[in-house]
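Counting in numbering that gives the first Met the number 0, the sequence shown runs from 0 upward without gaps.
Heads up, the beta-carbon is just placed ideally off N, CA and C, and yes, glycines get one too.
A short write-up of the structure that comes next.
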Amino acid sequence: MTKKVTLSILAIVLAGCVLLSAALILVAVLIARGSTSTAAVVPTATESSIDLQMDEIQSQVQSYRGLTMTQPLSRALLTTDELKDHVINEFFADYTDEEAKDDAEELSAFGLLPKDFDLHDFYVKLYSEQIAGYYDNKTKDMYVVSDEGFGGTERMTYAHEFTHVLQDQTYDMENGLKMNDDYCKDHSEYCAAVTALIEGDAVLSEQYWYYKYSTDQDKQQIDEFQQTYTSPVYDSAPAYMKEDFLFPYSQGLDFVSSLYKQGQWKAVDAAYKNPPVSTEQIIHPEKYPNDEPIDVTLPDLLKTLGKNWREVDRNTMGEWYTYLLLADGRDASFRLEDQTAKDASAGWGGDAYIYYTNDSNDEFAMVWKSVWDTSADKEEFWQASQTYGQDRWGDPQQQGQDSISWNTTDDGYVTMVDTGSAVLWVMAPSAEVNAQLTAALEAGN
0 MTKKVTLSIL AIVLAGCVLL SAALILVAVL IARGSTSTAA VVPTATESSI DLQMDEIQSQ
60 VQSYRGLTMT QPLSRALLTT DELKDHVINE FFADYTDEEA KDDAEELSAF GLLPKDFDLH
120 DFYVKLYSEQ IAGYYDNKTK DMYVVSDEGF GGTERMTYAH EFTHVLQDQT YDMENGLKMN
180 DDYCKDHSEY CAAVTALIEG DAVLSEQYWY YKYSTDQDKQ QIDEFQQTYT SPVYDSAPAY
240 MKEDFLFPYS QGLDFVSSLY KQGQWKAVDA AYKNPPVSTE QIIHPEKYPN DEPIDVTLPD
300 LLKTLGKNWR EVDRNTMGEW YTYLLLADGR DASFRLEDQT AKDASAGWGG DAYIYYTNDS
360 NDEFAMVWKS VWDTSADKEE FWQASQTYGQ DRWGDPQQQG QDSISWNTTD DGYVTMVDTG
420 SAVLWVMAPS AEVNAQLTAA LEAGN
């Protein structure tokens, strides 16, 4: 749905701050009782001592993670100014203003962003603020952000990022795991799930390192950093973006921890050979690996729409974005209660959506079809959809047992339909086009 930086290579500051305490409790339980810390006193940081510390952390991570580095690694420290330059000139160099505009307008149609939100500018500011380190799986370069040497925060970040190095050298992120732009553009749900596996693994690894190898000095420095850290850009982010930004780290940690409990690191490694395929499997680890998504196909509707229309995006929402849509709309007035949104999105079976735009008059159309694990799951989502619609667009002009519609909204003509086997959402600029799109979807149901 939106431009995705390859999140599997990033360590973000906020994730470390939010997850540290909870993860430490978890790691303390997961690590065999009676094990003792093997941490040593960290020497004063000089270029040579930093190299030695990096080598030591690499050895430590390889030891407990059970993976071995097979290729040379280029590594370096970046200042925050250098990081911003990387964000602008590498991460978002190919993200055009037109793409950002399309993304913002699509997210607006789904109720998550204001239509005129400057997504490109916000991404640059957000990643410049949040990235603590990253590994480039194309150039094989690894960076840790630091303006003041190589202290506890940087050392823990190094353990996180070096875990990504081991993941890439062992499983090949781009080709083996298919974490590349071309594949992820059309398979965002799969890539969101694999990103959560990759990041959850790295978060558990860095917390394992913290518990097992960090020194008292490391712990003091990390604690001091967390006590003083502020994140004004993240704090100003739209509600859904805050949740989505942390998803691969927080939900990914829960998912990987469930694997670790079953068979420690061997169970985590096994997941790379049979990766999760949906955010549903990440949110509900018990559904991995057997509960796979139902394939939902939608017809080409450009002929129905006519000339000047183009297909901007065709993809899958998944359970996670279905939840975000219901719970974290751009306006609090149409956000469902969090538990209601979770219950309504649970039982997701599969979905597909298409977003179209007409560049000649700035109109848009959107169709979304979702199917559910059981009739009860479908009914729960259908009821939540109607509540969401009335909160967002007011009293409907037409409402029956299996359909509801609004004819005068800022989003055009909106229809929701319970077909019996699926739930449809349709937005179009006119009643005629809405009816044609709905009929085309129902005919293919």
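Selected residue, minimal CA-CA separation from residue i, among the options
i, options, result
"S127", "Y233, D312 and Y189", "Y233"
"R74", "Q59, Y133, D115 and E98", "Y133"
"V164", "A351, Y182 and K137", "K137"
"H159", "L9, K83, P275 and Y259", "L9"
"Q216", "N88, F254, A92 and E153", "E153"
"L335", "E291, L82, D376 and T386", "T386"
"G399", "R391, D410, T414 and K218", "T414"
"E441", "E55, P231, T69 and L300", "L300"
"R64", "F121, A201, L82 and D171", "A201"
"G175", "Y271, A427 and E81", "Y271"
Distance between residue j and residue i (C-alpha atoms, nearest Å)
i, j, result
"L111", "S359", "24 Å"
"T95", "A108", "20 Å"
"K2", "F246", "Caution is warranted here: a pLDDT of 44 is assigned to K2, below 50, making its placement in the model unreliable, and no coordinate value can be reported."
"I11", "Y207", "17 Å"
"L66", "R313", "37 Å"
"T5", "I221", "Its pLDDT being 45, under 50, T5 is placed unreliably in this model, and the value from its coordinates should be taken loosely. Whole-angstrom Cα-Cα distance: 26 Å."
"A103", "D117", "7 Å"
"W264", "Q435", "53 Å"
"K306", "G262", "56 Å"
"W392", "D337", "20 Å"
"T35", "W371", "Because T35 carries a pLDDT of 47, less than 50, the predicted location of this residue cannot be relied on, and the following value inherits that uncertainty. Going by the C-alpha atoms only, they are around 48 Å apart."
One or two residues paired with residue i in a DSSP bridge
i, result
"G132", "A10 and V143"
"E310", "Y355"
"F363", "T356"
"L77", "V144"
"D417", "V422"
"V392", "Before going on, a small fix: residue 392 reads as Trp here, not Val. DSSP, once it has assigned bridges, lists no residue as partnering W392."
"K368", "A351 and L423"
CB of residue i within 9 Å of CB of residue j, strictly
i, j, result
"T437", "V416", "yes"
"W367", "V425", "yes"
"I281", "G251", "yes"
"L325", "A266", "no"
"K356", "D101", "Strictly speaking, residue 356 in this sequence is Thr, with Lys absent from that position. Yes, they are a contact pair."
"D327", "E431", "no"
"V143", "T156", "yes"
"G151", "S213", "yes"
"D146", "T227", "no"
"F149", "Q52", "yes"
"E105", "F380", "no"
"T194", "D268", "no"
"K257", "G317", "It is Ser, not Lys, that sits at residue 257 in the sequence shown. No."
"D401", "G419", "yes"
"R329", "Y239", "yes"
"S235", "A14", "no"
"T296", "E188", "no"
"D390", "F333", "yes"
Residue i classed as buried or exposed, judged by whether at least 16 other C-beta atoms fall within 10 angstroms
i, result
"T321", "buried"
"A131", "buried"
"K302", "exposed"
"P288", "exposed"
"Q129", "buried"
"S47", "exposed"
"S374", "exposed"
"N433", "buried"
"S344", "buried"
"A92", "exposed"
Residue-chain proximity (residue i, chain D), Cβ-Cβ < 9 Å
i, result
"G175", "The chain inventory of the structure shown lacks chain D, comprising one protein chain alone."
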